[in-house]
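K.L.:
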Amino acid sequence: MVKRANKKKTTPPPRGAIAKPPRLKAAVDMSRGADVSMDTAAEEGGAKKKRAKNAKVKRSLVRKKRRVKVMGAKHKQRRKGIN
Numbered sequence: 001m002v003k004r005a006n007k008k009k010t011t012p013p014p015r016g017a018i019a020k021p022p023r024l025k026a027a028v029d030m031s032r033g034a035d036v037s038m039d040t041a042a043e044e045g046g047a048k049k050k051r052a053k054n055a056k057v058k059r060s061l062v063r064k065k066r067r068v069k070v071m072g073a074k075h076k077q078r079r080k081g082i083n
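First residue of the sequence shown? That's 1 in UniProt numbering, and the numbers climb one at a time after it.
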């Protein structure tokens with residue numbers, strides 16, 4: 001009996017299909033020596049503090065949603081007499 005490699009073969013997406021965020025794109029262009037004005041790079045990377053704050057808010061909302069779902073499930077179980 002011959003053992004066969006039963007691995008799932010995945011091919012990477014085509015080169016053009018990988019979308020880069022604008023900040024990264026500007027950084028890549030700059031590293032290649034393209035004359036990207038510093039203003040555009042500064043505009044795209046300017047709101048770092050705001051983004052961090054948004055991430056915090058988003059995290060708390062996700063936690064809240066999860067808690068609400070759990071509470072709903074608990075209530076349902078109690079109603080059905082499971083717990």
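Even for Gly, the Cβ is constructed at its ideal location relative to N, Cα and C. If you're wondering where the values come from, they're calculated on a predicted model, not measured in any experiment.
Can you give the Cα-Cα distance for Ala-55 and Thr-10, rounded to whole angstroms?
P.N.:
Cα-Cα distance, rounded: 32 Å.
K.L.:
Taking just the CA atoms, how far does Ser-60 sit from Met-71?
P.N.:
Whole-angstrom Cα-Cα distance: 16 Å.
K.L.:
Could you compute how far the alpha carbon of Val-62 sits from the alpha carbon of Lys-69?
P.N.:
Rounded to whole angstroms, Val-62 to Lys-69 spans 11 Å at the Cα level.
K.L.:
Distance, Cα to Cα, Lys-64 vs Ala-73?
P.N.:
Cα to Cα, Lys-64 sits roughly 14 Å from Ala-73.
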